[in-house]
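Quick notes on the structure that follows.
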Amino acid sequence: MISFREIEWCWKLKPLMATGGKNFIQPLPQPLREPLDLQATLSSTKAKISWQPPLLLEGIQTKAAWQQWDYELDILDVASNNAFYTQHKSEYFQVERLQPSNLYQLKVRATFAGLAKSNLSPLVQTDWSKELIIKTWPMGDYNFLWAATDGVWESQELLEPLKRKALAAHDIKSMKQVNTSLYYVDNKKYDLKCFNLVNPEVLCGFEAHNVYSVDYDWRGGQLYWSDTKRNCVIRADLKGVQNQLLPIFGPV
13 MISFREIEWC WKLKPLMATG GKNFIQPLPQ PLREPLDLQA TLSSTKAKIS
63 WQPPLLLEGI QTKAAWQQWD YELDILDVAS NNAFYTQHKS EYFQVERLQP
113 SNLYQLKVRA TFAGLAKSNL SPLVQTDWSK ELIIKTWPMG DYNFLWAATD
163 GVWESQELLE PLKRKALAAH DIKSMKQVNT SLYYVDNKKY DLKCFNLVNP
213 EVLCGFEAHN VYSVDYDWRG GQLYWSDTKR NCVIRADLKG VQNQLLPIFG
263 PV
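For the sequence shown, the working numbering begins at 13 and goes up steadily by one.
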């Protein structure tokens, strides 16, 4: 035996309750709040857009309440003031053929058509979500490096494809790329080391211990890292010499 919790909305299932000679039909569901957390990941010509469904009314709606809404996504080209709509059921949409280096405005709302097509119920819509302003990348190819528990990974703007770049046996806590060199902190040993991304067989000869995180000053050309043993910040050149203990003490 199945419960109503396990039954998706069925157009022909209409529970009736007779009271005082009157029949009451179960009301059609309707979204009561706008979608949340509208966000987008961009390339120069594409955007992956996602959002969260409307929140349920606390104390009134349970987790079993209907949430399989339709959605209307509005995409406005700010420069030309041209907009287009998309209608779909999922909380995700990928749009293509965008203009590079261009501003777009996004907003989404939830809808429930019900029996609107048969004129038995009106179309129900929520308010529009908070607007999101996005800008596509300039035309070109871009690569990103990601620190992970199983090494360093590389991807393009939309995280496709995602492939391991180097250091497969290392749990990377913090890293900083300087030209072709990658300075990284091992999360297990808390050692700061260097890796050549172009010629892995070439050793950098850089190493520091008791390191929690690392950063680089592009203007001054200096590395900065936090020393967990001495609770301070240390500065050095890219070869790891001329170390300077900075007057920054405490947990860092």
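By construction, the Cβ of each residue, glycine as well, lies at the ideal position given by its N, Cα and C atoms. Predicted model, so just to flag it, every value in this text is computed and none were measured.
Below 8 angstroms CB to CB, which residues in the same chain sit around residue i once its five sequence neighbours on both sides are set aside?
i: Pro47; result: Trp63, Gln64, Pro65, Pro66, Tyr83, Glu103, Val120, Arg121, Ala122, Thr138 and Ser141
i: Arg176; result: Asp162, Gly163, Val164, Trp165 and Glu166
i: Glu178; result: One detail in the question is off: residue 178 reads as Ala in this sequence, not Glu. Excluding residues within five positions, the ones whose Cβ falls inside 8 angstroms are Gly163, Val164, Leu194, Phe207, Leu209 and Pro212.
i: Ala180; result: Asp162 and Gly163
i: Phe218; result: Tyr195, Leu204, Lys205, Cys206, Leu250, Lys251 and Gly252
i: Val214; result: Asn208
Given residue i, which residues of its chain have a CB within under 7 angstroms of its CB, disregarding the five upstream and five downstream residues?
i: Asn93; result: none
i: Lys200; result: Asp183
i: Ile260; result: Cys244 and Val245
i: Leu174; result: Trp165 and Ser167
Using the beta-carbon count (16 or more within 10 Å), is residue i buried or exposed?
i: His221; result: exposed
i: Phe156; result: exposed
i: Leu257; result: exposed
i: Tyr236; result: buried
i: Ala52; result: buried
i: Val245; result: buried
i: Ser113; result: exposed
i: Trp230; result: exposed
i: Val223; result: buried
i: Ile145; result: exposed
i: Ala91; result: exposed
Just checking my contact of residue i with residue j at CB under 8 angstroms: how many whole Å lie between their CB atoms?
i: Trp149; j: Glu169; result: 6 angstroms
i: Leu266; j: Ala59; result: The requested residue 266 does not occur in the structure, where the chain is confined to residues 13 to 264.
i: Asp227; j: Lys251; result: That belief does not hold up - the Cβ atoms of Asp227 and Lys251 are roughly 17 angstroms apart, past 8 angstroms.
i: Leu85; j: Ile61; result: 7 angstroms
i: Leu118; j: Leu50; result: 6 angstroms
i: Thr192; j: Glu108; result: Contact flag wrong, Cβ pair sits at about 33 angstroms.
i: Tyr202; j: Thr240; result: 6 angstroms
i: Pro43; j: Phe105; result: In fact, because the Cβ distance is near 18 angstroms, the residues do not count as touching under 8 angstroms.
i: Gln234; j: Arg242; result: That pair is no contact at about 18 angstroms.
Taking 7 angstroms as the cut-off, is the beta-carbon of residue i closer than that to any non-hydrogen atom of the ligand ZN?
i: Asp239; result: As presented, the structure is devoid of all ligands, the ligand ZN included, so that no description of it is given.
Can you list, in chain order, the residues of its chain whose CB lies under 6 angstroms from that of residue i, leaving out five sequence neighbours each side?
i: Val136; result: Gln42 and Phe124
i: Trp190; result: In the sequence on display, residue 190 carries Val and not Trp. Excluding positions up to five away in sequence, the list reads Tyr228.
i: Ser186; result: Val197, Ser225 and Val226
i: Lys147; result: Leu115
i: Tyr154; result: Glu169
i: Ala159; result: Ile184 and Met187
i: Gly152; result: none
Quiz item: At a cut of 8 angstroms, does the stretch 85-100 reach the stretch 201-213 through at least three beta carbon pairs?
Solution: no
Quiz prompt | Unbroken stretches of the alpha helix (DSSP H), 4 residues or longer, contained in the stretch 200-246 | solution = Counting whole runs of 4 or more residues, the stretch 200-246 contains no alpha helix (DSSP H) stretch at all.
Exercise. Identify every run of the beta strand (DSSP E) within the stretch 63-112, keeping only runs that are complete inside it and at least 3 residues long; order them along the chain.
Key: 82-89, 94-100 and 104-107
Exercise. Would you mind listing the beta strand (DSSP E) stretches within the stretch 128-175 that are 3+ residues and don't spill past its ends, in chain order?
Key: 144-147, 156-160 and 163-167
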